[in-house]
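**Student:**
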Amino acid sequence: MTKTYAGDFAGESKKFAIVVSRFNDFITQRLLNGAVDQLKRHGVAEEDIEIAWVPGSFEIPVAALEMAKTGKFNAVITLGCIIRGGTDHYEHVASAVTVGIEKASVETGVPILYGVITCDNLEQAIDRAGAKMGNRGAQAALAALEMANLQPAIREGNAVKDRPAVRP
Ligand code: INI
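The working numbering puts the sequence shown at residues -16 to 151.
(1) Give a yes or no on whether the C-beta atoms belonging to Lys(-3) and Asn132 are separated by under 9 Å.
(2) Quick one, what's near ligand 1 if you take every residue whose CB is closer than 7 Å to any heavy atom, in chain order?
(3) Can the beta-carbon of Ala28 be found less than 9 Å from the beta-carbon of Ile1?
(4) Which of the three DSSP states, helix, strand or coil, is assigned to Tyr(-12)?
(5) Going by the CB atoms, is the gap between Ile43 and Leu15 shorter than 9 Å?
(6) Which full runs of the beta strand (DSSP E) of 3+ residues lie inside the region 94 to 120, going along the chain?
(7) Can you tell me which of the three DSSP states Ser4 falls into?
(8) Apart from the five residues just before and just after Leu22, which ones in its own chain have a Cβ nearer than 8 Å to its Cβ?
(9) Expressed to the nearest angstrom, what Euclidean distance is found between the alpha-carbon atoms of Arg119 and Asn104?
(10) Considering only residues of the same chain and omitting the five flanking positions on each side of Phe41, which have a CB-CB separation below 7 Å?
(11) Report the residue from Val99, Val89 and Phe6 whose alpha carbon sits nearest the alpha carbon of Lys52.
(12) Measure the alpha-carbon distance for Pro94 versus Pro135 and round it to whole angstroms.
(13) Using the Cα positions of Gly98 and Lys(-14), report the straight-line distance between them to the nearest angstrom.
(14) Tell me, to the nearest whole angstrom, how far the beta carbon of Ala121 is from that of Leu96; I am working on the premise that it is less than 8 Å.
(15) At which residue ranges does the region 53 to 97 contain complete alpha helix (DSSP H) runs of 4 or more residues, listed in the order of the chain?
(16) So, are the CB atoms of Ile10 and Ile100 less than 9 Å apart?
(17) Quick one: using the 10 Å Cβ neighbour count with 16 as the cut-off for buried, is Thr61 buried or exposed?
(18) Looking at C-alpha atoms only, which residue of Met(-16), Glu49, Gln12 and Trp36 is the closest neighbour of Ala87?
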């Protein structure tokens, strides 16, 4: 008999940190609203959500690492918006934040979710901040809820009974 682990999306008594970049805050404020709304709608208490603003996406990994190291949170959600410009600055910031978040997550063992938009122009960013393509912040929050439930299930050996939870 195989054992299958799958996180559901229950947020009651779970704690989350959100690290959000002020650069392009026209977009990131919408990602933050989407993430907080998603957490609250899944039962996360307002006092169990802590938010840290950083200047730009480049600064996200160090703040996310600090949040993860406190040991207080089931998951950390990172939110940013990097828009391609006329130089290669975009590539440097985008790759640094991506590698930094993954490293901080693997090193601490705390799920750190990637809600950073990387795109070519403002229209694509708007599409991912609550328009055509949904809200990347809300999507990252849903993934955070799933990971926050998957991790203890694996640790405690609580396999799902019938079939894996499906995305709501
Ligand atoms: N930061 C972003 O979050 N998005 C961007 O599009 C961006 N661009 O294009 O420059 C950006 N730059 C700032 C960077 O993240 C740092 O805050 C800054 O370099 C100071 O370290």
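Virtual Cβ for every residue (Gly too), placed ideally from N, Cα, C.
**Tutor:** So, from the data block:
(1) yes
(2) Ser4, Phe6, Asn7, Pro38, Gly39, Ser40, Phe41, Glu42, Gly63, Cys64, Ile65, Ile66, Gly68, His72, Tyr73 and Val76
(3) no
(4) In the structure shown, Tyr(-12) sits in coil (DSSP, three-state: anything other than H, G, I, E or B).
(5) no
(6) 95 to 102 and 112 to 114
(7) strand
(8) The residues are Gly(-6), Phe(-1), Ile32, Ala124, Ala127 and Leu128.
(9) 16 Å
(10) Val76, Ala79 and Val80
(11) Closest option to Lys52, Cα to Cα, is Val89.
(12) 12 Å
(13) Going by the C-alpha atoms only, they are around 30 Å apart.
(14) Between Leu96 and Ala121 the Cβ distance is about 11 Å, and since that is not below 8 Å, they are no contact.
(15) 72 to 91
(16) yes
(17) buried
(18) Ranking the options by Cα distance to Ala87, first place goes to Glu49.
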